[in-house]
Each structure stands twice: as C-alpha cells, then as structure tokens.
Amino acid sequence: MSINWTFRTQRRAVVAAAVAAVSVTLGFTTGSDNASVVEETYALPVAACTNPGADDGSFALNGTKLPAGGLTYKTNQSTFPAGLSKIEVQGAIGTAFLTWDADTSKALFTNGGTTVATPGLADGVNTVAFKKIKGSAIAVTTGWFDRKTKLLKEFDVALSSSYSWATNPLATGDCGGAAGRFDIRNVMTHEAGHAAGLSDVTSTTSKAQTMFAYVAYGELTKRSLADGDAQAVDILYGQ
Ligand SMILES: [Zn+2]
17 MSINWTFRTQ
27 RRAVVAAAVA
37 AVSVTLGFTT
47 GSDNASVVEE
57 TYALPVAACT
67 NPGADDGSFA
77 LNGTKLPAGG
87 LTYKTNQSTF
97 PAGLSKIEVQ
107 GAIGTAFLTW
117 DADTSKALFT
127 NGGTTVATPG
137 LADGVNTVAF
147 KKIKGSAIAV
157 TTGWFDRKTK
167 LLKEFDVALS
177 SSYSWATNPL
187 ATGDCGGAAG
197 RFDIRNVMTH
207 EAGHAAGLSD
217 VTSTTSKAQT
227 MFAYVAYGEL
237 TKRSLADGDA
247 QAVDILYGQ
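In this note's numbering, the protein residues as written are 17 to 255.
This is how it looks when you write it as structure tokens:
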C-alpha cells in the first residue's frame, strides 16, 4: 500500500507582500489502495536573488522518512541540459545529496549510477532527471511510501527542462550563480530535502532555509543547510 506526495518548487515571489498572496493548496485524497498528498504553490514572477536574511531555524516535516540504510538514486544523463558538462551536472546532483548525508551519521542517499528511467513513475527506480513539467514549477519531487510505517519506498526528482540551468562549480555567496539560470545544486539540495522527509517552509522570514519554497535565478543559498534544515535531520535521523 503506497501513498504518494508531490512537491513542486516554484519561482521565488517578487516581494514580501507578494509572498503573502501566494496561494497554497493542500489536497488530500484517499482511495481504497492509495492516498495521495499533493502540495502545490503557485508562482509569481521571478525576483532577483537577494540576501536571505537571518536564519530563523524553521522547518516542516512531510511525515515520511527514508528507510534504514537510505535509498539509492540514479540519474538519467541523457536528459541533462545541452551545453552543460555532464560531469559537472552529475557532480552538482551528487553534492546536493551528500549535503544531507553529511549532517547525520545515518546513510541517507547512495549514488547508484545512471538509468534511462523517467521521473514521476512508481517503477522502483529512484530517478533524477530533467523533464518537461506542466505549469511553472521548477522541479517536482514525488515520493511513494508505506502508509503504515511512513517509510519511503521510492522517490523521483524531475527538474524542469523549460528553464535554463547552470552548474556554477566555482561560484560562492548567496547569489553568485549565473544570471538568468537556476543553479542545479541549489535546487537539487532542496529536492533531496523532500526525499529526506522535509516539507517546504514558506514564511518570508525563512528564506535562509534550504527548504524555503521559492528559488531565484543565480541563487546558491539552498546549497548549504540552515539551522532549521539541520534540526529536522537531527529529529528524523539523529546526529
Ligand atoms: Zn519544495
């Protein structure tokens, strides 16, 4: 018996006032075999990357966690953006997963090499790939978990092929990434957080958190965990 949830990462809202106007729908449907939880935030126009401000330590859990020993992910390299080094894209994805692993002694994510699978299907492969996504979402992470134990059985990450991406391997700072492009490692660290059991935080005081729901072009803030992200890992997996 599986439940699945889907998180869509959207573009950062313009200003504080606009963030308050973002509508969030939380749907919960229950069927005979499956229930699904879908969290969607609707995008407002992209704002310039700005300093995230103070770390407010906030976090939210999505009610699931990785099983003992974690899960093994695979990347579909044939979907990687043209013009980017496959090695750099793979490195950005791998580092994103390692960022969560580095925060606990438990094994969370293992690199299982490559796949030709497509994200969004319960096919037993934990797939990370670029893919056309309906609407304005930048990325979508879908998880399937056991209804009783709440342990994750599979997750997939789709990064939208409708946007421009960069790896920015040497970039630093909160906004040091290439202009007009989303930083793969930045977005991927956020998506890996969903697989680890975290949900989005949306308060305008939470912009320093990796799990803050909105992303700006050139932003690198989410590459490193903030206090709230780290506290959630501690609660779920220990130090
Ligand atoms: Zn999210």
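By construction, the Cβ of each residue, glycine as well, lies at the ideal position given by its N, Cα and C atoms. On a predicted model such as this, the values are computed, not experimentally measured, just so you know.
- A straight-line Cα-Cα distance of about 32 angstroms links T131 and I251.
- Y230 has its alpha-carbon roughly 8 angstroms from the corresponding atom of T218.
- In the structure shown, R24 falls within a strand segment according to DSSP collapsed to helix, strand and coil.
- Within 10 angstroms of the beta-carbon of K102 lie fewer than 16 other beta-carbons, which makes it exposed.
- Here the segment 234 to 246 makes contact with the segment 180 to 198; the two share three or more CB pairs at distances below 8 angstroms.
- One alpha carbon belongs to F125, the other to G110, and they sit about 9 angstroms apart.
- In chain order, A155, T157 and V173 place their CB closer than 6 angstroms to the CB of E207, counting only its own chain and leaving out the 5 sequence neighbours on each side.
- Within the same chain, Cβ atoms closer than 8 angstroms to the Cβ of K81 are found at K166, L167, L168, A212, G213, L252 and Y253, the five residues on either side in sequence being excluded.
- Restricting attention to alpha helix (DSSP H) runs no shorter than 4 residues, the segment 179 to 225 encloses them at 200 to 212, ordered along the chain.
- In this structure, the beta-carbon distance from V203 to D119 does not fall below 7 angstroms.
- In the structure shown, the three-state DSSP call for K81 is strand.
- Per the C-alpha coordinates, the member of T22, F96, D71 and F75 positioned closest to I200 is F96.
- Nearest in C-alpha terms to Y89, of all of D71, G140 and A64, is G140.
- E170 is bridged by DSSP to W160.
- Exposed is the label assigned to P185, since fewer than 16 other Cβ atoms lie within 10 Å of its Cβ.
- Remark: the shortest separation between the CB of D216 and any heavy atom of ligand 1 falls under 6 angstroms.
- In the DSSP annotation of this structure, the continuous segment of the alpha helix (DSSP H) that includes V105 starts and ends at K102 to D117.
- By the Cβ-count criterion, S74 is buried, with 16 or more other Cβ atoms from all chains shown falling within 10 Å of its own Cβ.
- Taking the Cβ of A248 as the reference point, every heavy atom of ligand 1 lies at 6 angstroms or farther away.
- If you draw a straight line from the Cα of T220 to the Cα of F198, it is about 20 angstroms long.
- By the neighbour-count definition (other C-beta atoms within 10 Å, threshold 16), P83 is an exposed residue.
- Under the DSSP assignment, L241 falls outside any beta strand (DSSP E); it carries neither an H nor an E label.
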